[in-house]
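Working notes, structure below.
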Amino acid sequence: MLLAIPIVAVYTVHILHIQYKHTKEMFAMLNVTNLTKRFGNTTAVHDVSFAVRPGEILGLIGQNGAGKTTTFRMLLNLLQPDQGTVTWNQQPLAKLSRETIGYLPEERGLYPKMTIADQICFFAELHGMKRPAVMAVLDQWLDQFQVKGKPTDLVKDLSKGNQQKVQLIAAMIHTPQFIILDEPFSGLDPVNAHLLEVGIRRLRDQGSAIIYSSHDMRNVEAISDRLVMLKNGAVVLSGKLDEIREQFGQTRLYVQSPLTQQELQAFPGVITVTPRSRGFLVKLTDPQVGHDIFAAATHQGYIPEFSQQAPSLDEIFRMKVEA
């Protein structure tokens with residue numbers, strides 16, 4: 072059995088808290104192994120495996136219905152997997168106290184008749200953080216996220232954007248050791264999204280292991296150390312962001328050479344040749360084709376430029392979705 076988490080209300084931010092300690096727990100790791108979940112004849116998650124280390128941000132990406140939220144709910148025992156294991160520091164996650172984990176679910180909501188301070192303290196106290204400890208750092212968090220309101224203001228009187236920021240503060244104020252954020256950037260404008268990025272990085276630098284989902288590849292590319300992409304419930308892409316971009320870049324070249332567009336297009340394995348600046352952007356079926364083009368170009372003379380062109384994460388995402 073995995074970790075049981077109390078549910079206060081259907082549309083409530085679920086907050087879990089620990090005080091980060093410089094102990095052997097610094098070297099703990101979340102391991103998800105062969106996780107599978109079926110609903111009748113539909114397999115929502117199939118054989119998913121990944122790890123998240125302290126001081127690391129993992130972005131879980133995929134289209135709607137890819138299995139991201141189902142995966143999160145299995146990590147937290149809101150759903151039981153049909154097979155697979157979830158461990159922290161090689162121990163079943165069920166053995167951890169609930170104060171170890173911080174969680175912001177996709178279905179979010181606040182109590183509108185509570186003040187900002189009472190709202191945040193309410194959730195923090197549910198999970199072991201005393202009110203004086205919350206109040207001691209509350210102003211700092213409100214300033215960091217530029218919440219336009221006083222701690223004594225009612226939640227219902229805040230703008231939608233400021234309510235969103237209060238929810239995010241409630242999910243992260245505890246600096247938990249392991250944090251799950253389901254679509255934390257949803258509804259945020261670019262300025263507030265940047266503030267959240269800064270907050271997530273700060274928690275990472277303090278040693279938290281963070282996993283989050285997002286549809287915005289710009290946010291993912293900005294803060295993720297590693298990525299896992301789900302498609303139809305299965306992992307189709309996994310690794311460090313730089314390594315993934317380099318891998319896909321091996322089949323995209325920028326070439327300035329004596330070779331003409333027609334000559335480049337004639338190479339077996341060339342998909343497209345597009346004029347760009349003084350050269351050509353060449354897309355290949357296989358990295359080996361690039362070696363053949365380079366050999367032919369050097370044989371003909373001087374090469375001003377011959378380089379790999381790593382695609383953006385958004386381009387990679389669309390390639391994997393359309394594959």
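With our numbering applied, the sequence shown corresponds to residues 72 to 394, in that order. Cβ coordinates follow ideal geometry from the N, Cα and C atoms, glycine included.
- For Ile271, the secondary structure class from DSSP, reduced to helix, strand or coil, is helix.
- A contact is defined here as three or more CB-CB pairs under 8 Å, and the region 183-190 meets this definition with respect to the region 216-234.
- Here the region 357-375 makes contact with the region 324-332; the two share three or more CB pairs at distances below 8 Å.
- Take Gly340, set aside five residues on each side of it, and the residues of its chain with a beta-carbon closer than 7 Å to its own are Leu355, Thr356, Asp357, Val360, in chain order.
- A residue is called buried once 16 or more other Cβ atoms fall within 10 Å of its Cβ, and Gly136, having fewer, is exposed.
- Here Val392 is exposed: its Cβ has fewer than 16 other Cβ atoms, across all protein chains shown, within 10 Å.
- Ranked by Cα distance from Arg144, the options Thr246, Phe319, Val157 are led by Val157.
- For Gly372, same chain residues with a beta-carbon under 7 Å away, outside a window of 5 residues either side, are Pro329 in chain order.
- If you ignore the 5 residues before and after Leu209, its C-beta comes within less than 7 Å of the C-beta of Ala188, Ile191, Pro222, all in its own chain and listed in chain order.
- Counting C-beta atoms within 10 angstroms of its own C-beta, Gly111 has fewer than 16 neighbours from the protein chains shown and is therefore classed as exposed.
- Per DSSP, the unbroken beta strand (DSSP E) holding Gly130 starts and ends at 127-132.
- For Gly361, the enclosing alpha helix (DSSP H) starts and ends at 358-371.
- Pairing Tyr283 with Leu131 gives a Cβ-Cβ distance under 8 Å.
- As for any alpha helix (DSSP H) of minimum length 4 sitting wholly inside the region 151-234, the runs are 187-197, 202-215, ordered along the chain.
- Contact between the region 108-128 and the region 289-301 is present: three or more C-beta pairs spanning the two stretches fall below 8 Å.
- For Gln327, the secondary structure class from DSSP, reduced to helix, strand or coil, is strand.
- The C-beta distance from Phe351 to Leu335 rounds to 6 Å, short enough to meet the 8 Å contact threshold.
- Going by beta carbons, Pro247 and Ser279 fall inside the 8 Å limit.
- For the set Ala305, Ser309, Ala337, Val344, the Cα lying nearest the Cα of Leu324 is the one of Val344.
- Using a Cβ distance threshold of 8 Å, Gly304 and Val116 count as a contacting pair.
- The residue among Phe249, Thr322, Ile244 with its C-alpha nearest the C-alpha of Gly126 is Phe249.
- Put simply, the backbone Cα of Asn102 is about 48 Å away from that of Ala337.
- Sequence-distant partners of Asp287 (beyond 5 residues in either direction) whose C-beta falls short of 8 Å from its own C-beta, in its chain, are Phe256, Ala264.
- With a 10 Å radius around the Cβ and a threshold of 16 neighbouring Cβ atoms, Met243 comes out buried.
- Around Met100, the same chain offers Ala122, Arg124 as residues with beta carbons nearer than 6 Å, after the five sequence neighbours per side are excluded.
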